[in-house]
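Below is one structure, written out as structure tokens; comments come after it.
Below is the structure:
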């Protein structure tokens, strides 16, 4: 606790002047002057500090407040509202031994201008419980739960931990689902708004609101008027969603079947995985919105009629969660050779991709080598070029989202004569599926073979003795040699838990000469 130096400040009230000029002249008698000094000080303890000191200018009765230890001690009482006890965060001062002598001195020493280091951090943390939470937005429409048919719905969400000790994910990687709200979307929809807050994770969605042409409004979650984004629309055919491990970060409304029927992003999708899983082929008639303690962590859309394609039958580009963006349709994903593709069409299992060849394969003539960073499995692939980053951006040079353990990882390099016309024409991957009662659905890659058009190959594999006992091996092979089709990229899933190896890998091919839009940079 700060120590008071001797003679720092007067502790006794000076003699009361015979006349105190009030802030405003009035011929009315001062009724408060009839009150005893003790009662005036007691009244001041219930006033904010600034108001109590201003009262001295209005009435002589409050002149002693400035010199009252009782008044200044009340500024440190934690049970009082923060607007009055603005030093409640330093409440231990009341328990000091020996008792503190000059509360006015301590009040001045704990002002914003005097705080340093740990005391400032303490003030920030201990004032949080007194801050008011954003009000919960009221419901105006009643939800029509009967219209929300589970067979006509699809869901997007972060990593949902269903218990405090979740076996699949640590709670620090995901979020909790505490409540779900269901609403029906009206036929007279006029606008949609998204309410966001900023945190150390970035922009997060905490509420949504819908308005009709008649002026009625329904709200879900909490509001933050300073961070509200709105779009006008009459129909809702789904959402493009930016979703992180802890919940939804941005929404883009789809307002019809036409490709141009897309609104601007509501929220911030920057550097967040995205999905078109909630883009439907019919009008959306209802929503299920899931919340943790304050933000939206899941969103389910219900359509007017069943989708002719089941979720596992939809394109991987549409159903999976992708980082950094969704691959454009000019790039062919060779989904038939991607192992366990249905596994990545539900839940939070993001895929990342790297277009190392660039649009139209324009970077392939500069490709000079690959470097595999591997431990228990492959963690990362680095591509080398004979030009600098100003010609080939960094996003095209590295494949892999998580860093491995440098102590155990090794690097294997393979050269490619890109300037001389050598190209990657085939990739073979071997995946292992462990059996725990039933085979696991994801599996993981234990071997990768890369072949070039010159008959050279590079093989990276895991020691067959490493890991659990072998239960089954599935081999997927992709070899491309047709004219005009070239491997220009890779996509994969990578485990968040230890070990951080690439669990599955697919191949991106492209017809040379086509201009690719929506480049992943």
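Residue numbers (this note's numbering): 1 to 521. Don't be surprised by glycine CBs; every beta carbon is placed ideally from N, CA and C. Because the structure is a prediction, the values reported are computed rather than measured.
Is residue i helix, strand or coil when you go by DSSP?
{"i": "residue 322", "result": "strand"}
{"i": "residue 84", "result": "coil"}
{"i": "residue 77", "result": "coil"}
{"i": "residue 49", "result": "helix"}
{"i": "residue 40", "result": "helix"}
{"i": "residue 283", "result": "coil"}
{"i": "residue 508", "result": "strand"}
{"i": "residue 260", "result": "coil"}
{"i": "residue 125", "result": "helix"}
{"i": "residue 239", "result": "strand"}
{"i": "residue 154", "result": "strand"}
{"i": "residue 227", "result": "helix"}
{"i": "residue 60", "result": "helix"}
{"i": "residue 344", "result": "helix"}
{"i": "residue 94", "result": "helix"}
{"i": "residue 35", "result": "coil"}
{"i": "residue 468", "result": "Only weak support is given to the placement of residue 468: the predicted model assigns it a pLDDT of 48, under 50, and the question is left unresolved by the model."}
{"i": "residue 213", "result": "coil"}
{"i": "residue 120", "result": "helix"}
{"i": "residue 609", "result": "Within the shown structure, residues of the chain are numbered from 1 to 521, placing residue 609 beyond reach of any answer."}
{"i": "residue 67", "result": "helix"}
{"i": "residue 176", "result": "coil"}
{"i": "residue 363", "result": "coil"}
{"i": "residue 387", "result": "coil"}
{"i": "residue 166", "result": "Residue placement at residue 166 is flagged as unreliable, the pLDDT there being 45, under the threshold of 50; the coordinate-derived value follows with that caveat. In this structure, residue 166 counts as coil in the three-state DSSP scheme."}
{"i": "residue 266", "result": "strand"}
{"i": "residue 444", "result": "strand"}
{"i": "residue 523", "result": "Nothing about residue 523 can be reported from this structure: the residues present for the chain run from 1 to 521 only."}
{"i": "residue 101", "result": "coil"}
What does DSSP give as the partner residue(s) for residue i in the beta ladder?
{"i": "residue 288", "result": "182, 300"}
{"i": "residue 353", "result": "491"}
{"i": "residue 232", "result": "191"}
{"i": "residue 411", "result": "373"}
{"i": "residue 459", "result": "449"}
{"i": "residue 398", "result": "382"}
{"i": "residue 247", "result": "244"}
{"i": "residue 161", "result": "Bridge partners of residue 161: none, in fact."}
{"i": "residue 338", "result": "Looking at the DSSP assignment, residue 338 forms no beta bridge with any residue, so it has no partner."}
{"i": "residue 204", "result": "197"}
{"i": "residue 485", "result": "511"}
{"i": "residue 502", "result": "494"}
{"i": "residue 314", "result": "DSSP output for residue 314 lists no bridge partner at all."}
{"i": "residue 252", "result": "240"}
{"i": "residue 275", "result": "241, 321"}
{"i": "residue 220", "result": "208"}
{"i": "residue 332", "result": "509"}
Assuming residue i contacts residue j (C-beta within less than 8 angstroms), just tell me the rounded distance between them.
{"i": "residue 77", "j": "residue 61", "result": "With 8 angstroms as the limit, residue 77 and residue 61 do not qualify as a contact, their Cβ atoms being about 23 angstroms apart."}
{"i": "residue 115", "j": "residue 189", "result": "About 50 angstroms; that fails the 8 angstroms criterion."}
{"i": "residue 262", "j": "residue 252", "result": "6 angstroms"}
{"i": "residue 319", "j": "residue 277", "result": "5 angstroms"}
{"i": "residue 382", "j": "residue 397", "result": "7 angstroms"}
{"i": "residue 522", "j": "residue 58", "result": "Lying before the first or after the last residue shown, residue 522 is absent from the chain, which here runs from 1 to 521."}
{"i": "residue 180", "j": "residue 286", "result": "Contact doesn't hold; Cβ gap of about 12 angstroms is too wide."}
{"i": "residue 490", "j": "residue 354", "result": "6 angstroms"}
{"i": "residue 449", "j": "residue 427", "result": "7 angstroms"}
{"i": "residue 203", "j": "residue 249", "result": "6 angstroms"}
{"i": "residue 41", "j": "residue 71", "result": "6 angstroms"}
{"i": "residue 300", "j": "residue 280", "result": "The Cβ separation is near 12 angstroms, so there is no contact."}
{"i": "residue 374", "j": "residue 445", "result": "No, residue 374 and residue 445 are not in contact; Cβ-Cβ is about 10 angstroms, not under 8 angstroms."}
{"i": "residue 264", "j": "residue 231", "result": "7 angstroms"}
{"i": "residue 529", "j": "residue 337", "result": "Since the displayed the chain opens at 1 and closes at 521, residue 529 lies outside it and no answer follows."}
{"i": "residue 174", "j": "residue 160", "result": "6 angstroms"}
Inter-stretch contact (C-beta, 8 angstroms, three-pair minimum) for the stretch 312-323 and the stretch 192-210: no
Validate contact between the stretch 447-462 and the stretch 385-397 using beta carbons, cut 8 angstroms, 3 pairs: no
Contact between the stretch 366-375 and the stretch 338-348 (3+ Cβ pairs under 8 angstroms): No, because fewer than three Cβ pairs between the stretch 366-375 and the stretch 338-348 fall closer than 8 angstroms, the two stretches do not touch.
Cβ contact (3+ pairs, closer than 8 angstroms) linking the stretch 345-358 and the stretch 291-302: no
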